[in-house]
Amino acid sequence: MIDLLRFAAAGSVDDGKSTLIGRLLYDAKAILADQLEHVAAVSARRGGGGEVDLSLLTDGLRAEREQGITIDVAYRFFATPRRRFIVADTPGHAQYTRNMVTGASTADLALILVDASKGLTEQSR
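Note that the sequence shown covers residues 1 to 125 in the UniProt record's numbering.
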């Protein structure tokens, strides 16, 4: 039987939580072709310079997509040959800390991201 690991990505605003999760989903081949096409089109409209913004894969609310921030917790599933995962993409803004706590409450572990160029901030302490 393959184990299930639940984890939450936490950290401050723009530290790369959604981008990391998008990359994990992409590398695990857990993205449908139409999802990737949509994200590529949105990235191109926003002037991504040919780069696909994988952070868009976790933004479910219209406000999140429009503002480019995570507001609510987004849960995504992916699997590897050895393990299944449920990852919680949590918001980094201080005003949404309650939502971050909700996402972390069911996690087996937390992955705390820190932008090395900014160092520790209010949300990553």
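Virtual Cβ for every residue (Gly too), placed ideally from N, Cα, C.
Bridge-paired residues (DSSP) for residue i
i	result
Ala9	Asp89, Leu111
Asp3	Arg83
Neighbour-count burial assignment, residue i, 16 or more Cβ in a 10 Å radius
i	result
Ala9	buried
Thr80	exposed
Arg82	exposed
Thr106	exposed
Gln123	buried
Gly103	buried
Ala116	exposed
residue 128	Residue 128 lies beyond the residue range present for the chain, which begins at 1 and ends at 125; the question has no answer from this structure.
As assigned by DSSP and simplified to three states, the class of residue i
i	result
Arg98	helix
Arg45	helix
Ala74	strand
Glu51	coil
Asp59	coil
Ala40	helix
Ser18	helix
Gly103	helix
Ala33	helix
Same chain, Cβ closer than 7 angstroms to residue i, neighbours up to 5 away in sequence not counted
i	result
Arg23	Leu54
Met100	Ala10, Thr90, Pro91
Thr19	Leu54, Ser55
8 angstroms Cβ cutoff met for residue i and residue j
i	j	result
Ala33	Val52	no
Ala110	Phe78	no
Lys17	Leu120	no
Chain-order list of residues whose beta-carbon lies under 8 angstroms from that of residue i (same chain, five-residue window excluded)
i	result
Arg76	Ile21, Leu25, Ala30, Leu57, Thr58, Ile86, Val87, Asp89
Asp108	Leu5, Arg6, Phe7
Ser43	Glu51, Val52, Asp53, Leu56
Residues near residue i by beta carbon distance below 6 angstroms, same chain, minus five either side
i	result
Val13	Gly92, His93
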